[in-house]
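Written out below as structure tokens is the structure these notes cover.
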Amino acid sequence: MTSQDKELQPNVAHQSLGLVSLAALGVVYGDIGTSPLYVMKTVFDPTHGLAVSESNVIGVISLIFWALMIVVSVKYITLILRADNRGEGGIMALLSLASSSVADRPRLRSILFLIGAFGAALFYGDGVITPAISVLSAVEGLEVATPLLQPYVLPITLAVLIVLFLVQQRGTGGIGAVFGPVMLLWFATLGIAGLTNIAAAPTILGAFNPMQALAFCLNNGWLAFVAFGAVVLAVTGGEALYADMGHFGAKPIRLAWYVCVLPALTLNYLGQGALLLANPSAISNPFYLLFPPWALYPAVGLATVATVIASQAVISGVYSVTKQAIQLGFLPRMQIRHTSDRRIGQIYIPFVNWTLLAAVTMAVVGFGSSSSLASAYGVAVTTTMVIETILTFFVLRYAWRYPLVLGIFATGLFLTIDTTFFAATMLKIAQGGWFPLAIGALIFFVMTTWSRGRQILLEHLRSAAIPLQPFLESLIAHPPARVAGTSIFLTANPDGVPHALLHNLAHNQVLHERVVFLTVNYLETPRVPEEERLSVKPLPGNCYQIAVQYGFKDEPNLPLVLEQCQQYGLEFEPLKTSFFLSREIVVPSPGGGMSLWRERLFATMARNASNAAEYFKLPANRVLELGARVEI
């Protein structure tokens, strides 16, 4: 899962390293921490044809251990965590870092943007599969307790997921504080459960030898390659380490991994392997059969809570990625609600929430079991892993100026491993892998349609716009009646006259005493320092041009920016300031920049985009919106 900037926790910069690491434990490691629920059962799925023999069990555990070491410990912990973009991580931050490093190569920059956008789109597929497989695999423990509960597994799973999505609108600040301690208890349980079973077959410790993994691959050939598609499930969620770096910092994430997560996962997988060596029939559910009968129901309860935490982190990540995509121009504006006055990252997007719930419900009902969902899982993740490795190469080569040979060497090994995992998961396309890919492809198509449509619309508006400077000179020569107050015109084109101003003059034939042209620009950087937030330029006739800059993780708030204009000698009285917005009514026409049906899709998205006044937090009683039909 590419959790892409899950903003669940408060700003923890002032807290001790231990507390920050505990907070990171509750957000960063939920996905990878719940993987032991289903990995081994998926590897030895009877349909794969891999026998539960001693050499195979040891070889698979060795593969899992060394995948954790190479992919997570070396690739993400050691290398990619260094590729911070002003302290931020995640695929959007990596994309902006890589694309800005090749700003002098427009074609390459465009290709990187498309690759990065596709990686972000795939996260939506992961955002559907992760809650479904995590919660379902936890509740399936009831089947182990007693087969009589099997008919209730799906209803209970759906009930848990529905409640989870229902509480999103209330915010997760209250329960977020317990995420870290609960996940600490979960990892302790993983480690203890595994450790108590290793004694039953201590030969499993031979899995630490990488030659066991190599021997497994050589001896099983094609079956080993198929097994790779399930082994990769053990490292899904590893990319969350990078995505959440901006919230916790690299050091707490590294500390939590080496002190708690890696030891717990290693012990649990070794314990499952030892259990299978002692009792091959335990493959029906090797995770829950680690526990004695008296501990089974508490284990199911704790696992369910842990998977809910993992799912919550993914859901919040989807909100965060959506917000960033909106501000980078890949998606139309949506209604974004803030669920906490103290934590700016706590957001809720209703449309995304209910769409995600519908898709998760379809996944649970359609696939019916965690084993079936495992076939759909991993495809989107491995694709994202490949994309992140490619983007990292461009950061190494062009942003950090590493020699070409060193850049290839640093990323070549990881790319080889990622593409091997990717190729193995491609075998699962027909069994369900198409599902997250279809979701990602649909989102990518929507993102590229919106991005291209905006580009065409802006080009049309610029070509048809009246130049601002000559227009103001003509107003000074033939001034209209001016009334008290300030009018602020939001415009995407700072050099052209806003349509709203032309309509205002045509219909009301007056101009306010002070006129401001305000342009908002989003930069390819996570955050813009406050001292670089705005610039003010005086124009003739008591007019001003204000340019506001935001990063893709900044929170737009134009009234707050206008208060900062006092340092430039501009003061705005709220009751004497009116905001004029231009709303373009897009009319598709043949022969434009896109096919007609894509233009119709863009027009529909533009028509249903949320109100700009609400998005920029403008006072509703001081906003006037004037529309204009524009053919594209």
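Numbers in our numbering are just positions in the sequence shown, counted from 1, shifted up by 248. We put the beta carbon where it would ideally sit given N, CA and C, even for glycine. All of these numbers come straight from a predicted model, not from anything done at the bench.
CA nearest to the CA of residue i, picked from the options
i    : options                : result
Q583 : A861, R870, T290, G274 : A861
P746 : A346, R855, N601, F828 : F828
A740 : A463, N769, I724       : N769
Y798 : L576, V322, Y646       : L576
S347 : L362, P651, G337, A522 : L362
S301 : E391, I452, A365, I446 : I452
A386 : P727, L409, A369       : L409
V287 : S620, L654, G274       : S620
N690 : L329, A365, S349       : Checking the sequence shown, residue 690 turns out to be Leu, not Asn. Among L329, A365, S349, the Cα nearest to that of L690 is on A365.
V763 : Q793, T555, T773, Q757 : Q793
W698 : A628, A573, R649, P715 : A573
S303 : A455, P403, D293, L267 : A455
S349 : R870, R645, S735       : R645
I557 : G428, T767, D492, Y596 : G428
I501 : P786, G337, K676, N601 : G337
L481 : T282, Q398, A498       : T282
A628 : Y650, S617, I687, L661 : I687
L370 : P684, G733, P742, P727 : P684
A271 : A504, L537, E772       : A504
T667 : R649, V694, I638       : I638
I736 : F670, T630, E819, P511 : E819
A461 : I312, Q703, K865       : I312
E803 : W845, S310, K571       : K571
H779 : C813, A672, V426       : According to the sequence as given, residue 779 is Glu; it is not His. Of C813, A672, V426, the residue nearest in Cα terms is C813.
M317 : P458, E391, V430       : P458
F539 : A449, R585, I440, A512 : I440
Residue i - containing beta strand (DSSP E), residue span
i    : result
E873 : 871-879
T825 : 825-835
V796 : 791-798
Cross-strand partners of residue i (DSSP beta bridge)
i    : result
L759 : R730
Y596 : R585
E336 : N333
V768 : V796
L327 : Partner(s): none; L327 has no beta bridge.
G744 : P715
Limits of the unbroken alpha helix (DSSP H) element including residue i
i    : result
K785 : Careful: K785 lies outside any alpha helix (DSSP H), inside the beta strand (DSSP E) at 782-787.
Q717 : 716-725
A272 : 265-276
E636 : 627-642
G565 : 544-575
C890 : A query on residue 890 cannot be resolved here, the shown segment of the chain reaching from 249 to 880 and no further.
T773 : Element bounds for T773: n/a, residue is neither H nor E.
D666 : 652-674
L489 : 488-491
M853 : 844-856
I501 : 498-504
Residue i, DSSP secondary structure in three states
i    : result
S617 : coil
V300 : coil
L866 : coil
L433 : helix
F292 : coil
L256 : Note that L256 scores a pLDDT of 38, beneath 50, so its modelled location is shaky; the value from the coordinates is reported in the next line. Three-state DSSP puts L256 in coil, outside helix and strand.
L525 : helix
L738 : strand
R649 : coil
Y816 : helix
L396 : helix
L453 : helix
N805 : coil
Q401 : This sequence places Val at residue 401; Gln is not what is there. In the structure shown, V401 sits in a helix (DSSP, three-state: H, G or I).
G680 : helix
E821 : coil
N601 : helix
D279 : helix
H262 : Low local confidence applies: a pLDDT of 46 at H262 is under 50, so the model's placement there is unreliable, and no value is given.
Y536 : helix
A861 : helix
L579 : coil
G688 : helix
heavy atom of the ligand PLP below 7 Å from residue i C-beta
i    : result
L270 : Summarising the ligand content, the structure contains no ligands, and the ligand PLP is consequently not present.
Please give me, in chain order, every unbroken run of the alpha helix (DSSP H) with length at least 4 that falls completely inside the region 354-394. Whole alpha helix (DSSP H) segments, 4+ residues: 354-387, 389-393.
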